[in-house]
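Each remark here refers to the structure printed beneath this line.
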Amino acid sequence: MRTNLVKLTALLALVVATASAPVIARGAAPVAGPSFSSIGPLAFGPDGTLFAADRQAATIFALDLSAQKAGAPGTISVPGIDAKIAALLGTDAAQVQITDLAVEPKSRNTYVSVMRGVGAAAQPALVRVDGAGKLEIVAFDALKYTSVALPNPAAASTTGRQNPRMNSVTDMALVDGKLYVTGLSNEEFASKFWAVPYPFKATDNGTSVEIFHGNHGAFETRSPVISFVPTKINNQTTLIAGYTCTPLVRFPVSDLKPGAKVMGTTIAELGNGNQPFDMVLYKKDGKEFLLVGNSARGVMKVATEPFGAAEGIKAKVTSETGGVPFEKIASLTGVTQLDLLDATHTIVLQRGEAGINLTAVILP
Amino acid sequence: MGLWGRELLTRLIAPFFCVVIAAGCSRPAPISITLESDPDSKASHMRVSGLSSDELQSLQRASFSEDQWTALLRVTVANSAAGAPPVAGRFNVGARVLEFTPRFPLDPGRQYVAAFDPSRLPTPRSGAVVQETLAPPAAAPTPPTTIVRMLPSGDVLPENLLRFYIEFSAPMSNETGRDFIRLLDDAGKEIQGALLMVDIDFWSADHKRYTFFFDPGRVKRGIQPNLELGRALHDGRQYTIEIDPRWRDANGQPLVQAFKRSFRAGPPEMTGMKIQDWKIAAPRAGTRDPIVVTFPRALDHGLLMRAIGVSRKGRTEPVPGDATAGRGETSWSFTPRDAWAAGAYDLFALDFLEDPAGNRLGRPFDLDKFDTVDKSGTPARVTLPFVVK
Numbered sequence: 171m172r173t174n175l176v177k178l179t180a181l182l183a184l185v186v187a188t189a190s191a192p193v194i195a196r197g198a199a200p201v202a203g204p205s206f207s208s209i210g211p212l213a214f215g216p217d218g219t220l221f222a223a224d225r226q227a228a229t230i231f232a233l234d235l236s237a238q239k240a241g242a243p244g245t246i247s248v249p250g251i252d253a254k255i256a257a258l259l260g261t262d263a264a265q266v267q268i269t270d271l272a273v274e275p276k277s278r279n280t281y282v283s284v285m286r287g288v289g290a291a292a293q294p295a296l297v298r299v300d301g302a303g304k305l306e307i308v309a310f311d312a313l314k315y316t317s318v319a320l321p322n323p324a325a326a327s328t329t330g331r332q333n334p335r336m337n338s339v340t341d342m343a344l345v346d347g348k349l350y351v352t353g354l355s356n357e358e359f360a361s362k363f364w365a366v367p368y369p370f371k372a373t374d375n376g377t378s379v380e381i382f383h384g385n386h387g388a389f390e391t392r393s394p395v396i397s398f399v400p401t402k403i404n405n406q407t408t409l410i411a412g413y414t415c416t417p418l419v420r421f422p423v424s425d426l427k428p429g430a431k432v433m434g435t436t437i438a439e440l441g442n443g444n445q446p447f448d449m450v451l452y453k454k455d456g457k458e459f460l461l462v463g464n465s466a467r468g469v470m471k472v473a474t475e476p477f478g479a480a481e482g483i484k485a486k487v488t489s490e491t492g493g494v495p496f497e498k499i500a501s502l503t504g505v506t507q508l509d510l511l512d513a514t515h516t517i518v519l520q521r522g523e524a525g526i527n528l529t530a531v532i533l534p
Numbered sequence: 053m054g055l056w057g058r059e060l061l062t063r064l065i066a067p068f069f070c071v072v073i074a075a076g077c078s079r080p081a082p083i084s085i086t087l088e089s090d091p092d093s094k095a096s097h098m099r100v101s102g103l104s105s106d107e108l109q110s111l112q113r114a115s116f117s118e119d120q121w122t123a124l125l126r127v128t129v130a131n132s133a134a135g136a137p138p139v140a141g142r143f144n145v146g147a148r149v150l151e152f153t154p155r156f157p158l159d160p161g162r163q164y165v166a167a168f169d170p171s172r173l174p175t176p177r178s179g180a181v182v183q184e185t186l187a188p189p190a191a192a193p194t195p196p197t198t199i200v201r202m203l204p205s206g207d208v209l210p211e212n213l214l215r216f217y218i219e220f221s222a223p224m225s226n227e228t229g230r231d232f233i234r235l236l237d238d239a240g241k242e243i244q245g246a247l248l249m250v251d252i253d254f255w256s257a258d259h260k261r262y263t264f265f266f267d268p269g270r271v272k273r274g275i276q277p278n279l280e281l282g283r284a285l286h287d288g289r290q291y292t293i294e295i296d297p298r299w300r301d302a303n304g305q306p307l308v309q310a311f312k313r314s315f316r317a318g319p320p321e322m323t324g325m326k327i328q329d330w331k332i333a334a335p336r337a338g339t340r341d342p343i344v345v346t347f348p349r350a351l352d353h354g355l356l357m358r359a360i361g362v363s364r365k366g367r368t369e370p371v372p373g374d375a376t377a378g379r380g381e382t383s384w385s386f387t388p389r390d391a392w393a394a395g396a397y398d399l400f401a402l403d404f405l406e407d408p409a410g411n412r413l414g415r416p417f418d419l420d421k422f423d424t425v426d427k428s429g430t431p432a433r434v435t436l437p438f439v440v441k
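Line by line, the protein sequences give chains E and F. In this text, residue positions in the first sequence follow this note's numbering: the first is 171, and each later residue adds one. In this text, residue positions in the second sequence follow this note's numbering: the first is 53, and each later residue adds one.
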């Protein structure tokens, strides 16, 4: 009896406590996930690992998305995606900054990195767009991840001053077990290319080499890389890269050794006042092409077949652009981000009159 | 337990149990929706009251999908576009209320619409959709932000200048500066294509300093943009950098006013620097007087503050203290934390030090031949000895 009375009293106490408690939480207890201070750019590894750069913290996170509930496969166009993401995040489009997009290689869902808010309290978010056009926020708190911090150069430290130097990651790609990362500094005219073994190890934050540009054989400068794409040329893993000073260059991955001086071979000039921000490779009609998204000169299609044989531009180019031939895709205007969606489509973010559109476009 | 015991328990406990239930919410009441804000965390959530205990228990038992939850309680940003999704968040069922906690804190002062559809309860209740427009309290006004200065600070800057720094009085937003910075010629006309247009913004960690670069394709010799357009700056001409006051600070407010900075372009700086050209005014032993180093040309402000230091002769760790850049970044002074001891010292510079045109110690930015070997990893030190007496 006593035992039962105690049990019943305890039950009543629970009823009273429950009645006065404001809320009972539903769902699983949160697991500590990656703590981003900012998010973007993004790059997928072939196994579906999402590499997400935190520019603010100079850290790369490798996110395991395998536990995500599947969405409808593929990605369909979403007009006004900036306003829709803003609504999902509880704000308006002026408070949302889309920093990158990347397509998951198996599901072909598109992941969009976003900063919500414009100020110091802005928060990172990752949004998945699926084949039904549904937008869903990826919860960071339950994600498995690993991370690596990019090396920060030494400083002749003095007291009382916060170091304002920061690296901004510009592009990433996983090549033969190494994550290659390019970045720009807000101080020195840096030109570093980091190579970090993946899976990340606690004791190894990689090596870096300084990238140079031989200006048509006459002058040589440090030249940061804005975007790049790995490919095979003559059975050699090669990076096709765009410099801040616009030329398209190639260099073999085997050249990227610490202590070596890495000089890209210029294979094309893409025109002045222009930066290539995204590049993807695709095949069509048995030939390989490079699709280049540019800041000022639209989207270009370049056949890669001459890349291996191109000797490099060494003389003054008399046309506005030079090197290997390319075709401007006139129908693609206002493109700010692009990735390969599937064998026949690219997915792009395009500025329209009413905002930013996510559009699946047939590969040209 | 005997019969007597059960009887006693029923008589003692039952009235108390009924009181508890009555104090809960045994019967349905009119639905009301309120916005609750935590004064400390500033987090807000929507609270639905008026649900009966049966309705709440059935909600707790229900395995609702996300779509079912949002059909029951849909929270949207007021005046959002047609087809816009509801605000993402978590639904919690309490003993008395249903609560919606948004994934991200609601914006102060912004209006949100919460609509509760009683027909979407596990046991549908009759009645119309209850809709409320609610807004968290607006944020307190904050002092406006101004531009403190632009660097380099000299009146004459080399025509192959690579970058400028803008310093603000308070943290700025993460809006891109590209839309707010213009380079004007001496007639006040904008020079197109002068600045590096990349989809990246170069902020310091505290968002109080912004770096913008001149398009290196036009600065560097021998490549197409330079051959076609030439440099944006020309020796002997006057220029103005104009900052649009619509650039928002971290609190979303525009700058107090437009900012203009004029300068004259000088000849290009095309040679590497030599530490032997620097002049040191050594301090006296036993004082905390600053050491003052004077350079024959301006150095980059950001790198000047990071790449130069003082160490005891034969040692590498820097002497602790505070450094400042002199007028036009042509000098550097350093006040030690502790008084100088008599003896030999080194002024040292790390090899990433640059002038505003990107020239380094011993190496010009634009090298006209390919004859040096890259050094990666830990920056090398270049030293200049001095003695404190």
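Each residue gets a CB set at the ideal place from its N, CA and C atoms; glycine is no exception. All figures in this text were calculated on a predicted structure; none of them were measured in a lab.
Residues bridged to residue i by DSSP?
| i | result |
| --- | --- |
| S317(E) | F231(E) |
| F254(F) | T263(F) |
| D224(E) | G210(E) and T229(E) |
| E497(E) | K471(E) |
| S101(F) | S84(F) |
| P400(E) | L409(E) |
Using only the alpha-carbon positions, how far apart do residue i and residue j sit?
| i | j | result |
| --- | --- | --- |
| V165(F) | K457(E) | 53 Å |
| I218(F) | T198(F) | 11 Å |
| E107(F) | S84(F) | 15 Å |
| S221(F) | P196(F) | 9 Å |
| N144(F) | A257(F) | 37 Å |
| P91(F) | P189(F) | 10 Å |
| G361(F) | F359(E) | 21 Å |
| V127(F) | Q238(E) | 24 Å |
| A246(F) | R215(F) | 11 Å |
| S314(F) | Y413(E) | 30 Å |
| P176(F) | E88(F) | 26 Å |
| A343(E) | T86(F) | 48 Å |
| Q109(F) | A312(E) | 27 Å |
| R142(F) | S93(F) | 17 Å |
| K362(E) | P174(F) | 59 Å |
| L103(F) | P138(F) | 22 Å |
| S236(E) | T416(E) | 38 Å |
| K441(F) | R364(F) | 14 Å |
| D296(F) | I233(F) | 7 Å |
| P249(E) | L399(F) | 59 Å |
| F168(F) | P446(E) | 48 Å |
| N337(E) | G366(F) | 32 Å |
Looking at residue i: is its Cβ nearer than 8 Å to the Cβ of residue j?
| i | j | result |
| --- | --- | --- |
| L538(E) | I252(F) | There is no way to answer for residue 538(E), as the model of chain E reaches only from 171 to 534. |
| I343(F) | L436(F) | no |
| T316(E) | A202(E) | no |
| F389(E) | G274(F) | yes |
| L460(E) | V472(E) | yes |
| G318(F) | D352(F) | no |
| P416(F) | G324(F) | yes |
| F398(E) | D455(E) | no |
| G210(E) | E274(E) | no |
| P320(F) | A401(F) | no |
| L320(E) | A213(E) | no |
| L279(F) | D267(F) | no |
| L528(E) | I230(E) | no |
| V531(E) | H515(E) | yes |
Please check the pair residue i and residue j, which I expect to be a contact at CB under 8 Å, by giving their CB distance rounded to whole angstroms.
| i | j | result |
| --- | --- | --- |
| E294(F) | L236(F) | 6 Å |
| D448(E) | L502(E) | With a Cβ gap of about 12 Å, D448(E) and L502(E) do not count as contacting. |
| P223(F) | H259(F) | 4 Å |
| L281(F) | L213(F) | No, L281(F) and L213(F) are not in contact; Cβ-Cβ is about 16 Å, not under 8 Å. |
| T382(F) | T346(F) | 7 Å |
| V552(E) | F477(E) | In the structure as shown, chain E begins at 171 and stops at 534. Residue 552(E) is therefore absent and cannot be evaluated. |
| G354(F) | R335(E) | 7 Å |
For the ligand GDP, I want to know if residue i counts as a neighbour, meaning its beta carbon is within less than 7 Å of at least one of the ligand's heavy atoms.
| i | result |
| --- | --- |
| A290(E) | Within the structure as shown, the ligand GDP is missing, as the structure has no ligands at all. |
Run through the segment 371 to 438 of chain F for me and flag every whole beta strand (DSSP E) of 3 or more residues, listed as ranges in chain order.
-> Correct list: 373 to 377, 383 to 388 and 395 to 402.
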